[in-house]
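Q:
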Amino acid sequence: MRPLKLTLSGFHGVRDGMRRESVTLDLSDLPTGLIALVGPNGAGKTTLMDNLHPYPIMPSHAAKMSADAFSYWDHLYAPRAEKELIWEHGGKTYRSAFSFRNSGKTRKAEYYLFERDAAGNDIPLRLPDGTVSDGKADTYIRCLEGVMGSPEAFFTSVFSAQNRRPLASYQTGEIKKLLAELLGIEHLRELSAKAGEVAKLLGRNLDALQGDVVALMGKRDRGSVLAGEIRQISERLGAEREARERETANGAKLLQERATLAAKQSAGAAVEARLRELTQRQSELTSRSRQLVADDKSAGSRAALRRRELESQVGARKATLADGDAITAAVAQRDAVQMEIGRSQAELAKLHKSVTELEAVRLAHASLTTELAGLEARGATEALLAKGLKGQADVIETVPCADHPMHAACPLLGQARDAKAKLDRQVVLVADLRGSYRAKLEAKKPMDLALATLASARAAHTTLQAGLVQQERELQRLTALAAKLPLLEAAREGLAEATRDLSTLAEEEAARQTRHTRDLTDVESQSTAVQRELATLATEDVTGKLAQLDRQVTASREAVAALDARIEALIRQQSTLAADVERLEADLSGLPAAQGRAQALSDRIAVWKQLAKALGNDGVIALSIDDAGPELTRTVNDLLLACYGPRFTIAIQTQTALANGEKREGFEIAVQDGDSGESKSFTVMSGGQKIWINECLTRGIALYRARDTGQAFQTLFTDEADGPLDPDRKRAFMQMKREVLRQGGYEREFFISHTPNSVDEADAVIDVAALAAQAIV
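At position 682 of the sequence shown (counting the first as 1) the number is 755 in the numbering used here, and the numbers step up by one without a gap.
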């Protein structure tokens, strides 16, 4: 990739660094070799460098090297902004055109990639799969990656931006993806993904087929359950049929017994009629006895409730009468307490007025005290000033030139004369302040005497107020007692009435108990006479037995009918289950074939999963990376040796050892220090050492990519990578650049540096400040 011409408009970096709205940089006539971009900080160098490539990223500002991790809108200020880059790659010329529109409400960005044909016309790029650059960001990125590969590989090997991540910080998955693309085996990842998708699709089919198998196995289990239920129904049918035969024989026996009893019944019809009468009478007497007991219980409950009500009334009236003396005394005491409250309120009003007046005096006293303090401070200040003025005025009498002609022109004596003129006014002011102070001090003395009684007045007011509250509480209590005076007479009358009612209730209760005892004794005597007559007429109760036998015969017939119904239901249930079993057996005929298909499909899924793993990061890609590791390590160490000497060599380890001794895929960079003989991790190196080792590593990847994969780029880019290096390392850094150009067959490298010696070694210089000055002219 070789940039030919860059045009930027509407970018913050161009406006702030070059003081212009747009800039055009023509790179087509530059010589081969090292091209330096120079200028002061903030001149716009990084903005130009970040746009000398066709990817829609400014790498020094991107969180990661992918288009979804960067937004141009943060770097644009104008409502319309554009970027146009004409570039070459693989013997073809391309034009990348970015257009940004910001109306304040909406934002629109368009990205186009054109390919220049033999006639010099720019036509939208079309990929072999039919993708055309139509202005959308995703189609532009797919078209650009089809020409130059992924941005991660480009910005890792070819373009070294500011704030870039060192390779040692890459995760295992990231470095594998990057190395897979650099090795040209990225298509294996796509094949692995496709194999995984096939395995997922077959897995869904297997899930459906296994669901059918599980359903059929469920039907098989259901068939076993139904067969067991059919056996149980057959056993129940045999038991129900035996029970029906037994119940039929029992019904015939009961019919024979009833015929025998019916013959006996015709002989003792008269005795049985009397027995029925006596039985009826006995039932009536029993009911009468139960009714008497229930009535007695109900009456006793009502009497007990009435007794409790009367006793409650008696207790309440006695309690009222017990407070009679206190109620009578409260009437007289209430008036006395009311008079005492009136006197206390009058005295409290006087004390309140006195305290209020003293409070006003206290406030005036505090204000006067504040004024005295202010007068005292001011008086001291003004007296001090008068003393100073007097000292200056006395100079007139003490200086030697008092009568000399130069007396009028002497500045010191001029100040003394001014001080003497001011001294009279200052003396009068001090005298006035002292007089005012003495007047206010005299006015404060009677206030001091008055305030001496404030504390006692407050205490007396508080004590009297508390006593008044207590007297009001006592008045409320006495008023409540006096209000009960009309209730005393009503309580006497109510107590007498309730006592009479209790006596009446006791008499009624005694009469009721006597009456209940008499009625109950009469019922018991009648019942005894009926029982004696029943005993003399004792005979066999044929009617009862006939009724019992009738009930038993009916129950027997109902039992036989119920057994017939259960037998019929069991037969129907057995037929239904047999039909279900036949259907299940028909369905289960396909179970072996379904299990075979499921097993075959499972074997196919295992093959596709194995293929996806073999073609993925942990398969062929990992093996290819392992194969490339020694060659990549040799290339990086050759650069280190050629540019920085034999002190440091690196080892790229694509497998890491676990605690249990096993190994897994990984990516680590170990640095061998020839001076100390130690091997240390890249992460513990110093800042400058990390710079040149990381640069050798990235340039080694670029050389490997150009030499072994056929993905050659004509141009390299570096943005301020030599800042932390010492002068010797900076010179070696420039040697490394030329060595990389030589080994990789690159035409040129654009770099930004603030080191004069590094700039002096460049084959051409682009002065950004001079470019801005030309634009101004």
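Glycine included, each C-beta is placed from N, C-alpha and C at the ideal position.
Nearest by alpha-carbon distance to Asp123: which of Thr577, Lys326, Val87 and Leu274 is it?
A: Considering only alpha carbons, the answer is Val87.
Q: From Arg168, Arg309, Glu188 and Pro829, pick the residue whose C-alpha is nearest to that of Ile644; which is it?
A: The residue with the shortest Cα to Cα distance from Ile644 is Arg309.
Q: Where does Tyr167 land, buried or exposed, given buried means 16+ other C-beta within 10 angstroms?
A: So Tyr167 counts as buried.
Q: When the Cα atoms are used, what is the spatial distance from Gln283 to Ala671?
A: Rounded to whole angstroms, Gln283 to Ala671 spans 6 angstroms at the Cα level.
Q: Specify, as a first and last residue, the run of the alpha helix (DSSP H) that Pro829 falls within.
A: Its alpha helix (DSSP H) spans residues Pro829 to Asp833.
Q: Who are the near neighbours of Arg295 in its chain, counting only those whose CB is closer than 7 angstroms to its CB and skipping five residues on each side?
A: For Arg295, where only same-chain residues beyond five positions count, the Cβ hits under 7 angstroms are Leu657.
Q: Tell me whether Met412 is buried or exposed, calling it buried when 16 or more other Cβ atoms sit within 10 Å of its Cβ.
A: Under this definition Met412 is an exposed residue.
Q: Would you give the residue range spanned by the beta strand (DSSP E) that Glu183 belongs to?
A: Per DSSP, Glu183 belongs to the beta strand (DSSP E) from Arg180 to Arg189.
Q: For Lys517, collect the residues of the same chain with a Cβ closer than 6 angstroms to its Cβ; drop the 5 residues on either side in sequence, then sort them by chain order.
A: Only Leu441 meet the Cβ criterion.
Q: In whole angstroms, what separates the C-alpha of Asp521 from that of His438?
A: Between Asp521 and His438, the C-alpha separation is close to 8 angstroms.
Q: With contact counted as at least three CB pairs below 8 angstroms, one residue from each stretch, are the stretch 669 to 683 and the stretch 267 to 275 in contact?
A: The stretch 669 to 683, when compared against the stretch 267 to 275, does touch it at the 8 angstroms Cβ threshold.
Q: Please check if any C-beta of chain D sits within less than 9 angstroms of the C-beta of Lys267.
A: The structure shown has no chain D; it contains just one protein chain.
Q: Can you give, in chain order, each stretch of the alpha helix (DSSP H) that sits fully within the stretch 478 to 528 and has at least 4 residues?
A: If we require 4 residues or more, the alpha helix (DSSP H) runs fully inside the stretch 478 to 528 come out as 484 to 524.
Q: Please state the DSSP three-state secondary structure of Ser771.
A: A small fix is needed here, since residue 771 is Thr in this sequence, not Ser. Here Thr771 sits in helix by DSSP.
Q: Count Cβ pairs between the stretch 138 to 147 and the stretch 162 to 180 that sit closer than 8 angstroms; are there 3 or more?
A: In short, these stretches touch, since the Cβ pair count reaches three.
Q: Following the continuous beta strand (DSSP E) through Tyr213, name the residue where it begins and the one where it ends.
A: No beta strand (DSSP E) holds Tyr213; the alpha helix (DSSP H) holding it covers Ala210 to Met221.
Q: Got a sec? Which residues, its chain only, sit under 7 angstroms from Arg199 by beta carbon, not counting five neighbours each side?
A: If we look at Arg199 and ignore the five residues flanking it on each side, its Cβ neighbours are Val205.
Q: So Tyr128 and Phe227 are supposed to be a Cβ contact under 8 angstroms. How far apart are they, rounded?
A: Sure, about 7 angstroms apart at Cβ, within 8 angstroms.
Q: Return the CA-CA distance between Thr321 and Thr649, expressed in angstroms with no decimal places.
A: Cα-Cα distance, rounded: 29 angstroms.
Q: How big is the Cα-Cα spacing for Pro201 and Leu79?
A: Their backbone Cα atoms lie some 28 angstroms apart in a straight line.
Q: Could you name the residues that DSSP lists as bridge partners for Phe823?
A: Per DSSP, Ile108 and Phe790.
Q: Taking the CB atoms as reference points, tell me whether Leu492 and Gln465 lie closer together than 9 angstroms.
A: The residue you asked about is not Leu; residue 492 is Ala in the sequence shown. Contact: yes.
Q: At which residues does the beta strand (DSSP E) containing His162 begin and terminate?
A: That run of the beta strand (DSSP E) goes Arg153 to His162.
Q: Over what stretch of residues does the alpha helix (DSSP H) that includes Pro76 continue unbroken?
A: It is not in any alpha helix (DSSP H) - Pro76 instead sits in the beta strand (DSSP E) that spans Arg75 to Ser82.
Q: At what residue ranges does the stretch 267 to 305 contain a whole run of the alpha helix (DSSP H), taking only runs of 4 or more?
A: Qualifying alpha helix (DSSP H) stretches: none in this window.
Q: Taking 7 angstroms as the limit between beta carbons, can you name the residues of its chain near Gly452, skipping five residues before and five after?
A: Taken in chain order, the residues that qualify are Val503, Leu506, Arg507 and Tyr510.
Q: Tell me the DSSP secondary structure of Arg720 in three-state form.
A: DSSP places Arg720 in coil when its eight states are reduced to three.
Q: Exposed or buried, Asp637, counting other C-beta atoms within 10 Å across all chains shown (16 or more means buried)?
A: Burial call: exposed.
Q: In terms of residue numbering, what span does the beta strand (DSSP E) encompassing Lys165 cover?
A: It spans Lys165 to Asn175 - the beta strand (DSSP E) in which Lys165 sits, taken as one unbroken run.
Q: Short of 8 angstroms in beta carbon distance, which residues of its chain neighbour Leu328, apart from the five on each side in sequence? Order them along the chain.
A: If we look at Leu328 and ignore the five residues flanking it on each side, its Cβ neighbours are Val626.
Q: Which residue marks the beginning of the alpha helix (DSSP H) containing Lys803, and which one marks its end?
A: Looking at the DSSP string, the run of the alpha helix (DSSP H) that includes Lys803 is Pro800 to Gly817.
Q: Return the first residue and the last residue of the beta strand (DSSP E) that Pro197 is part of.
A: Unbroken beta strand (DSSP E) run through Pro197: Asp195 to Pro197.
Q: Name the two residues that bound the continuous alpha helix (DSSP H) containing Leu121.
A: Residues Lys118 to Asp123.
Q: Sort Ala332, Thr212, Ser529 and Glu188 by Cα distance to Lys618 and report the nearest one.
A: Closest by alpha carbon: Ala332.
Q: What is the DSSP secondary structure of Leu462, reduced to helix, strand or coil?
A: It is helical.
Q: Identify every residue that forms a DSSP beta bridge with Asp746.
A: Answer is Phe721, bridged to Asp746.
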